[in-house]
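*Asks:* Questions regarding the structure given below will be posed in turn.
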Amino acid sequence: MFPIHRPRRLRASTQLRRMVQENTLTASDLIYPLFAVPGNAVAKEVTSMPGVYQLSVDKIVEEAKEVYDLGIPAIILFGIPEDKDIDATGAWHDCGIVQKAATAVKQAVPDLVVIADTCLCEYTSHGHCGYLEVGDLTGKVLNDPTLELLKKTAVSQANAGVDIIAPSGMMDGFVTAIREGLDEAGFTDIPILSYAAKYSSAYYGPFRDAAESSPQFGDRRTYQMDPGNGKEALKEVALDIAEGADMLMVKPALSYMDIIWRVKEMTNLPVAAYNVSGEYSMVKAAALKGWIDEKKVALETLTSFKRAGADLILTYHAKDAVRWLNE
Ligand SMILES: [Zn+2]
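Following full-length UniProt numbering, the numbering of the sequence shown begins with 1 at its first residue and continues without gaps.
This is the structure we're talking about:
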């Protein structure tokens with residue numbers, strides 16, 4: 001009797017395929033990134049990321065309403081300050097751009113979860129994620145002094161109404177430092193979503209246009225991870241769990257699905273995947289050329305992140321994805 005098993009039996013109709021689908025993308029899985037800039041009525045499209053804008057706070061609020069109405073539960077805020085300096089003042093100042101945006105969004109859409117990216121690279125004059133030794137031109141960030149600034153930044157963001165703190169600078173011990181800072185300030189219930197396994201990736205190129213955060217010299221390889229490493233990601237994740245992280249992130253996502261899977265296998269904490277700017281821009285560029293079907297490629301990619309083990313996906317395609325899913 002050949003063949004006994006005919007897997008095609010369960011693929012025969014749309015309804016059957018729906019019934020046996022193992023992983024399904026929903027709006028609840030998505031987090032939408034937003035870039036806050038000073039000013040009023042500003043909406044400046046990022047050249048390398050069609051459909052993504054730098055927005056002033058009033059526009060961020062409009063966008064937040066739209067995101068919430070689509071059923072997306074959360075946004076993550078990045079900030080582009082008026083001025084940059086070596087102390088990253090714009091990151092931790094109570095009148096910082098992310099602080100202003102968070103307060104305004106929480107006032108207008110209290111139910112929307114506001115996540116703040118907690119790093120210094122958008123606010124330092126040299127574009128690195130922390131303090132540098134005087135005269136250093138390689139980007140060797142001084143770890144422990146930087147932790148103090150991250151602590152201050154997280155507390156200031158929490159004061160502004162942020163619901164989740166997401167440190168992204170890959171400093172050793174940053175979860176411990178931020179947890180201490182938040183707890184001391186009375187924010188014991190604010191979770192930390194740690195960028196636990198963040199790789200030094202060329203896929204961040206367009207983001208640096210969006211966030212105006214390119215390092216002025218050197219690169220980030222002394223703190224972000226080497227793309228060749230897998231076990232090291234598990235080490236980073238284990239440390240962040242031990243330090244009290246509530247959720248873990250793998251970044252980027254597309255070239256690191258094996259890492260998402262391995263992280264998911266080793267922990268019961270929720271795992272987020274960051275579908276980064278370069279991944280978005282490649283799809284956009286090919287779609288604009290008419291070479292691929294943007295909707296199909298984006299939905300397939302996002303569903304694949306879920307299959308790989310992601311519970312949450314940060315993606316510039318979030319709004320489009322929900323509209324497509326609702327069609
Ligand atoms: Zn950074």
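Each residue gets a CB set at the ideal place from its N, CA and C atoms; glycine is no exception. Model, not experiment: these values are computed from the prediction.
1. Ligand 1 and E169: does any heavy atom of the ligand fall closer than 6 angstroms to the residue's C-beta?
2. Is it right to say I249 is buried, meaning 16 or more other beta carbons lie within 10 angstroms of its own, or is it exposed?
3. Closest to A202 by CA distance: which of E63, S277, A233 is it?
4. Please give the ranges of any alpha helix (DSSP H) in the region 129-167, keeping only runs that are unbroken, at least 4 residues long and fully inside the region.
5. Using C-beta distances below 7 angstroms, list every residue in its chain close to G71, excluding the 5 sequence neighbours before and after it, in chain order.
6. Using the DSSP secondary-structure output, state which residues sit across from L193 in a beta bridge.
7. Are the beta-carbon atoms of E163 and V105 separated by less than 7 angstroms?
8. I think A210 touches V46, with their Cβ atoms under 8 angstroms apart; what is that distance to the nearest whole Å?
9. Using 8 angstroms as the threshold, is the region 13-30 in touch with the region 43-61, meaning 3 or more CB pairs across them?
10. Compare the Cα-Cα distances from K264 to each of S281, M282, L234 and report the closest residue.
11. Consider the C-beta atom of C95 and the heavy atoms of ligand 1; say whether any pair is separated by less than 6 angstroms.
12. Could you give the distance in angstroms between the alpha-carbon of Q157 and the alpha-carbon of D117?
13. Please report the straight-line C-alpha distance between K84 and G127, rounded to a whole angstrom.
14. Quick one: grab the DSSP three-state call for P7.
15. By a C-beta neighbour count over all protein chains shown, 10 Å radius and 16 as the cutoff for buried, is L288 buried or exposed?
16. Have a look at A108 and R262 and give me their C-alpha separation to the nearest angstrom.
17. Between the alpha carbons of G161 and P81, how many angstroms are there, rounded?
18. Distance check for L142 and E66, CA to CA, integer angstroms please.
19. For the alpha helix (DSSP H) that contains N326, what are its first and last residues?
20. What's the C-alpha gap between K151 and E180?
21. Jot down the residue ranges of each uninterrupted beta strand (DSSP E) in the region 235-301, minimum 3 residues, whole runs only, in chain order.
22. DSSP on T315, reduced to helix/strand/coil?
23. Tell me the rounded alpha-carbon separation between L299 and A285.
24. Inspect the beta-carbon positions of A88 and T138 and report whether they are closer than 7 angstroms.
*Replies:* In short, the structure shows the following:
1. As written in the sequence, residue 169 is Gly, which differs from the Glu given in the question. Within the cutoff, so yes.
2. A quick correction: the sequence has Met, not Ile, at residue 249. It is buried - the Cβ of M249 has at least 16 other Cβ atoms within 10 Å.
3. S277
4. 143-159
5. A27, V322
6. M247
7. It is Asp, not Glu, that sits at residue 163 in the sequence shown. Not a contact, by the Cβ cut-off of 7 angstroms.
8. 4 angstroms
9. no
10. L234
11. no
12. 9 angstroms
13. 9 angstroms
14. helix
15. exposed
16. 39 angstroms
17. 19 angstroms
18. 40 angstroms
19. 318-326
20. 8 angstroms
21. 247-251, 271-275
22. strand
23. 16 angstroms
24. no
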